[in-house]
Amino acid sequence: MAVEKAKVTLYWLEKSRAQNMLWLLEELKIDYEIKTFRRGSDMLAPPELKKIHPLGKSPLVSITPPGSSSEPIVLAESGFITQYLSEHFGQETTMMPKRWKDGQEGKFGGETDEWLRWQYLLHFVEGSFMSTLLMAVVISMLKSNKVPFFIRPITGMVANQILSSFVLPNIKTQLGFLEQQLEKSGGKYLCGTELSSADVLISFGLVSVKDKAKDFGSWPAGGPRAAYPKLYAYIDRLELEPGYKKAVEKIKGIDSSLEIEY
Numbered sequence: 003m004a005v006e007k008a009k010v011t012l013y014w015l016e017k018s019r020a021q022n023m024l025w026l027l028e029e030l031k032i033d034y035e036i037k038t039f040r041r042g043s044d045m046l047a048p049p050e051l052k053k054i055h056p057l058g059k060s061p062l063v064s065i066t067p068p069g070s071s072s073e074p075i076v077l078a079e080s081g082f083i084t085q086y087l088s089e090h091f092g093q094e095t096t097m098m099p100k101r102w103k104d105g106q107e108g109k110f111g112g113e114t115d116e117w118l119r120w121q122y123l124l125h126f127v128e129g130s131f132m133s134t135l136l137m138a139v140v141i142s143m144l145k146s147n148k149v150p151f152f153i154r155p156i157t158g159m160v161a162n163q164i165l166s167s168f169v170l171p172n173i174k175t176q177l178g179f180l181e182q183q184l185e186k187s188g189g190k191y192l193c194g195t196e197l198s199s200a201d202v203l204i205s206f207g208l209v210s211v212k213d214k215a216k217d218f219g220s221w222p223a224g225g226p227r228a229a230y231p232k233l234y235a236y237i238d239r240l241e242l243e244p245g246y247k248k249a250v251e252k253i254k255g256i257d258s259s260l261e262i263e264y
């Protein structure tokens, strides 16, 4: 007799961190449905997403438990989605590190270093990293050809001042922090020797910023790749992960005109 499974649906928006969730679902090896959405000409999410969640943002994941006739559970916010999916579906994967040291179950300080890193990084990505990157991307738009050419010199000068005095120092601090985390993790990944959902969660931001960071202000010779060699090697490895590539191919197979990177 077949065992009924939870019904999982990913609401995927182009140029969003929904791509992280697609990769995570692949790593968790669970069956899921994907519904894709395009951004409008204003780069905002379409109003249809508000029918799923009041904020109308993506990623969103809905889960209908096996045998349930009630409304599905709707998950929003990347960090929460990542933690919920990892805890409920990740037991036979590496997505969530082992929580307790042997014999220390339930005790203060009994958590493994890998689990503590994983838990912290889920909050770091949401609370510090992505907000700084988004600020940098938005401010940089003041220098782009989307601004009328006759005022672009002025908006560009303002953007450069904000980037150099506030945004770039924070980006350098955070990239330097991640470089240190990789030095101390004891493995190729942020939490140790095995890929975890923290790596998956941070991937979109890192891949998006790796070629843009050099345009946020002045860097020493060699730019950010030379300043953070372990981090950039790590980003290159993430893009070569089978699950990462499979998630990219999944979107291309649905509609090759959908854009993934922001």
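Residue numbers (the numbering used here): 3 to 264. Glycine is no exception: its CB is placed at the ideal position from the N, C-alpha and C atoms.
What residue range does the alpha helix (DSSP H) around residue i cover?
i	result
Pro234	Before going further, note that residue 234 is Tyr rather than Pro in the sequence given. Its alpha helix (DSSP H) spans residues 231-242.
Ile141	132-142
Phe179	170-186
Ala200	199-211
Phe126	115-126
Ile262	No alpha helix (DSSP H) contains Ile262, which DSSP labels as neither H nor E.
Trp102	Taken as a continuous stretch (DSSP letters only), Trp102 belongs to no alpha helix (DSSP H), as it is neither H nor E.
Glu29	20-30
Pro155	154-164
Within 10 angstroms of the Cβ of residue i, are there 16 or more other Cβ atoms? Answer buried if so, exposed if not.
i	result
Ile256	exposed
Phe91	buried
Pro61	buried
Lys59	buried
Return the bridge partner residues of residue i from the DSSP annotation.
i	result
Tyr13	Lys37, Leu62
Gly194	Tyr191
Could you give the residue range of the beta strand (DSSP E) that holds residue i?
i	result
Val76	75-78
Compare the C-alpha of residue i against each of the options and name the closest.
i	options	result
Pro99	Ala47, Lys109, Glu113	Glu113
Ala249	Ile141, Tyr34, Lys9, Ala138	Tyr34
Asp238	Glu251, Ser70, Asp201, Ile253	Asp201
Arg19	Arg227, Ala47, Ala8	Ala47
Gln85	Ser199, Lys37, Gln182	Ser199
His55	Met23, Met159, Val76	Val76
Leu184	Tyr234, Pro226, Glu107	Tyr234
Ile32	Lys103, Asn162, Gln93, Ile141	Gln93
Ile65	Asn162, Thr11, Ser220	Thr11
Output the distance between the C-alpha atoms of residue i and residue j, rounded to the nearest integer angstrom.
i	j	result
Val211	Leu135	7 Å
Ala8	Ser71	12 Å
Glu261	Met97	26 Å
Leu144	Ser187	38 Å
Val149	Trp14	29 Å
Leu170	Leu87	33 Å
Ser166	Ser80	29 Å
Val5	Arg101	Unreliable placement is indicated for Val5, whose pLDDT of 47 sits below 50; the coordinate value is still reported in the next sentence. Using only the alpha carbons, I get a separation of about 28 Å.
Leu242	Gly42	31 Å
Trp120	Pro222	31 Å
Does any residue of chain C bring its CB to less than 7 Å from the CB of residue i?
i	result
Ile256	Any reference to chain C falls outside this structure, which holds one protein chain only.
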